[in-house]
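Engineer: One structure is given below, represented as structure tokens, and several questions about it will come after.
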Amino acid sequence: FDLEQPQEWVSLGIFLVVALVAGQGYALQRRQTMAAAEHDRHTELLYEVSSDMTVAADLGGKFDAMLEKLARGLGLDGIRLYVHRDGQAELSGRFEHDGEGSSAAVRLPCRIGDQVLAEMEVSPRLDGQQLRSDDLRVLQGFANQLANALERRRLEKEEQLNQVLAEADRTKTCLLYTSD
Numbered sequence: 009f010d011l012e013q014p015q016e017w018v019s020l021g022i023f024l025v026v027a028l029v030a031g032q033g034y035a036l037q038r039r040q041t042m043a044a045a046e047h048d049r050h051t052e053l054l055y056e057v058s059s060d061m062t063v064a065a066d067l068g069g070k071f072d073a074m075l076e077k078l079a080r081g082l083g084l085d086g087i088r089l090y091v092h093r094d095g096q097a098e099l100s101g102r103f104e105h106d107g108e109g110s111s112a113a114v115r116l117p118c119r120i121g122d123q124v125l126a127e128m129e130v131s132p133r134l135d136g137q138q139l140r141s142d143d144l145r146v147l148q149g150f151a152n153q154l155a156n157a158l159e160r161r162r163l164e165k166e167e168q169l170n171q172v173l174a175e176a177d178r179t180k181t182c183l184l185y186t187s188d
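Just so you know, we're using this note's numbering here: the sequence shown kicks off at 9 and counts up by one.
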């Protein structure tokens, strides 16, 4: 390499520009790959907790396990679930990473239309960072799935009650006709 030769300077400059462009391209590709991997992880997490909701015979008994899976998957300090029953919000499930409650970073409604069936109280991330938009999207997806599961369970119970009442009505009718 001879500093007195102008073509050497030009060659060095071109090399540096190509190296810079290639480095920027690699960094962009790496960021995109990491974002895609994070998106895949969130999709898998949402699928797992949604599957738990659809197959659970006793949905209430699964809340703690689902919330733990969600909190660990998103790196949250904790999460609490308050289900609305008879106009009151009852603590129905929770997971706290350190065993102690921490202040809530955000509250997310679990709703169908205008009706709020439950609320999630989400604690900050363990790494101290703000909740990212992807985290909020996963949490809202879970909230929507949970609202659907709660409504489905309510409709199932209502149908069971209607069947019992119909059977009682048939029995009553039979008794009235047999006594005549």
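A virtual CB, placed ideally from N, CA and C, is assigned to each residue, including glycine.
The model shown is predicted, which means the values in this text are computed figures rather than measured ones.
If E127 sits next to C118, beta carbons under 8 Å apart, how far is it from one beta carbon to the other, in whole angstroms?
Structural biologist: With a Cβ gap of about 7 Å, E127 and C118 count as contacting.
Engineer: DSSP three-state label for H92, please.
Structural biologist: Strand.
Engineer: Which residue's Cα is closest to the Cα of R4: E12, Q171, L134 and T51?
Structural biologist: Because residue 4 is not part of the residues shown, which for the chain are 9 to 188, the question remains open.
Engineer: So, helix, strand or coil for G31, using DSSP?
Structural biologist: Three-state result, G31: helix.
Engineer: With a 10 Å radius around its C-beta and 16 neighbouring C-beta atoms as the bar for buried, classify L184 as buried or exposed.
Structural biologist: Burial call: exposed.
Engineer: Go ahead and label R115 buried or exposed: buried means 16 or more other beta carbons lie within 10 angstroms of its beta carbon, across all protein chains shown.
Structural biologist: Exposed, because fewer than 16 other Cβ atoms sit within 10 Å of the Cβ of R115.
Engineer: Quick one: grab the DSSP three-state call for Q171.
Structural biologist: It is helical.
Engineer: Where does the unbroken alpha helix (DSSP H) through E127 begin, and where does it stop?
Structural biologist: Per DSSP, E127 belongs to no alpha helix (DSSP H); it is in the beta strand (DSSP E), Q123 to V130.
Engineer: Using only the alpha-carbon positions, how far apart do H47 and A73 sit?
Structural biologist: Rounded to the nearest angstrom, the two C-alpha atoms are 22 Å apart.
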